[in-house]
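> Chains as they are written, first to last, in this note's numbering: chain A, 1 to 91; chain B, 92 to 314. Glycine residues also receive a C-beta, built at the ideal position from the N, C-alpha and C atoms.
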């Protein structure tokens, strides 16, 4: 099969994900910070975790660009959908 | 086994020289692209309803149990790791390791669904339903004393059960798919370092389900 590539350290990625999840919980319930800052940090951590899963467990980091594009293309479309909907509340 | 049969078990690579991915894997990625749009619609609707709601949203940790869901999140992350370990094991030709890790993934996924069902039962018992808060329940008392906002509980209930319900359905489909792989492909020894396409393709789906939960956990339970 054509999937042979350098293998990441899956256990290390698992530890990262566990630590980031613990950080999310601490941020959400323990740290006394502004709600807007908390929201931004929580979203940042969630995107970081999602990227770790996508890049290392789904092996996007090791795939060719034409396959990566398949994964990347829906993201701006999804954001357009989201912001188009939200814009109804802005204008 | 004849050479022709051995050849038939191989993914038809190179089927498409342009993208250089075998058809099953390409099909799964296209399916996952459509799934991104599906969950984007659900999450987008949630964001729009939440920010456009006439009133504040319930604070996290009052209605939903964070501890049990945090454990469930960790469990799903663990099952993603076990799935990728099964993939790595069969890539190296270790049949027994692959079977072990695949079974661990199935157990992890099934436990996740079980805990989610337990959570739903617990929530409904306390009065949190897809229609909002049930009258006469414990949560109705919290609404009455102002701990929970009355105006948005209906939206909260419907968005929560819709998003987590669809995700749970996806997890269930993943568990059934992996069970099929385990019973009819892995146990009879049909996978080899030359053909483990089922493990890879279902693995991609499983990691995607994990990825979606990572986002849902943050926006539904923590924000």
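Start and end of the alpha helix (DSSP H) containing residue 238(B)?
Note, residue 238(B): premise wrong, no alpha helix (DSSP H); not H, not E.
> Residues of chain A with CB closer than 7 Å to the CB of residue 306(B), please, in chain order.
Residues of chain A passing the Cβ test: 46, 50.
> If contact means a Cβ-Cβ distance below 9 Å, which residues of the region 110 to 141 of chain B contact chain A?
Listed in sequence order: 110, 111, 112, 113, 116, 117, 120, 121, 123, 124, 125, 126, 127, 128, 130, 131, 132, 134, 135, 136, 138, 139.
> Inspect the beta-carbon positions of residue 252(B) and residue 221(B) and report whether they are closer than 7 Å.
Yes, the Cβ-Cβ distance between residue 252(B) and residue 221(B) is below 7 Å.
> At what residue ranges does the region 27 to 70 of chain A contain a whole run of the alpha helix (DSSP H), taking only runs of 4 or more?
You should have 35 to 52.
> Who pairs with residue 220(B) in a beta bridge, going by DSSP?
DSSP output for residue 220(B) lists 223(B) as bridge partner(s).
> Whole angstroms are fine: how far does the CA of residue 293(B) sit from the CA of residue 176(B)?
Rounded to whole angstroms, residue 176(B) to residue 293(B) spans 13 Å at the Cα level.
> Can you list the residues of chain C that residue 176(B) reaches, using a CB-CB cut of under 7 Å?
Protein chains A and B are contained in the structure displayed, whereas chain C is not.
> Mapping the DSSP letters down to three states, classify residue 268(B) as helix, strand or coil.
Here residue 268(B) sits in helix by DSSP.
> Name the two residues that bound the continuous alpha helix (DSSP H) containing residue 141(B).
Where residue 141(B) is concerned, the enclosing alpha helix (DSSP H) stretches over 114 to 143.
> Inspect the beta-carbon positions of residue 171(B) and residue 301(B) and report whether they are closer than 7 Å.
The answer is yes: Cβ separation under 7 Å.
> Can you grab the Cα-Cα spacing for the pair residue 193(B) / residue 120(B), in whole Å?
One C-alpha to the other measures close to 21 Å.
> Which residues in chain B sit within 8 Å of residue 6(A), going by Cβ to Cβ distance?
The contacting residues do not exist; residue 6(A) stays about 12 Å from chain B at best.
> Straight-line CA distance for residue 82(A) to residue 140(B)?
Their Cα atoms are separated by approximately 11 Å.
> Which class does residue 249(B) belong to by DSSP, given the choice of helix, strand or coil?
Helix, per DSSP.
> Leaving out the 5 sequence neighbours to the left and right, which residues in its chain are closer than 7 Å to residue 303(B) when beta-carbon positions are compared?
Hits under 7 Å: 130, 258.
> If we define contact as Cβ-Cβ less than 7 Å, is residue 69(A) a contact residue for chain B?
No, residue 69(A) lies away from the interface with chain B (no Cβ there is under 7 Å from its Cβ).
> Using a 10 Å radius around the Cβ and a threshold of 16 neighbouring Cβ atoms, would you call residue 147(B) buried or exposed?
Exposed, because fewer than 16 other Cβ atoms sit within 10 Å of the Cβ of residue 147(B).
> Please go through the same chain and pick out, in chain order, the residues whose beta-carbon is closer than 6 Å to the beta-carbon of residue 207(B), but skip the five residues on each side of it.
259, listed in sequence order.
> Sort 203(B), 233(B), 173(B) by Cα distance to residue 291(B) and report the nearest one.
Taking only the C-alpha atoms, the option nearest residue 291(B) is 173(B).
> Quick one: what's residue 283(B) bridged to in DSSP?
286(B), per the DSSP bridge assignment.
> Between the Cα of residue 266(B) and the Cα atoms of 150(B), 235(B), 286(B), 205(B), which residue gives the shortest distance?
Cα-wise, what sits closest to residue 266(B) is 205(B).
> Can you find a C-beta in chain A that's less than 7 Å from the C-beta of residue 290(B)?
Closer than 7 Å: no.
> From 196(B), 243(B), 254(B), pick the residue whose C-alpha is nearest to that of residue 270(B); which is it?
The shortest Cα separation from residue 270(B) among 196(B), 243(B), 254(B) belongs to 196(B).
> What do you get for residue 150(B), buried or exposed, if any count of 16 or more other CB atoms within 10 angstroms of its CB means buried?
It is exposed - the Cβ of residue 150(B) has fewer than 16 other Cβ atoms within 10 Å.
> Taking the alpha-carbon positions, what's the residue 96(B) to residue 156(B) distance?
Low confidence applies here, because residue 96(B) scores a pLDDT of 45, under 50, leaving its location unreliable and the question unanswered by this model.
> Where does residue 156(B) fall in DSSP's three states?
The answer is coil: DSSP assigns residue 156(B) none of H, G, I, E or B.
> So with CB distances below 7 Å, who are the chain B contacts of residue 17(A)?
Result: 168.
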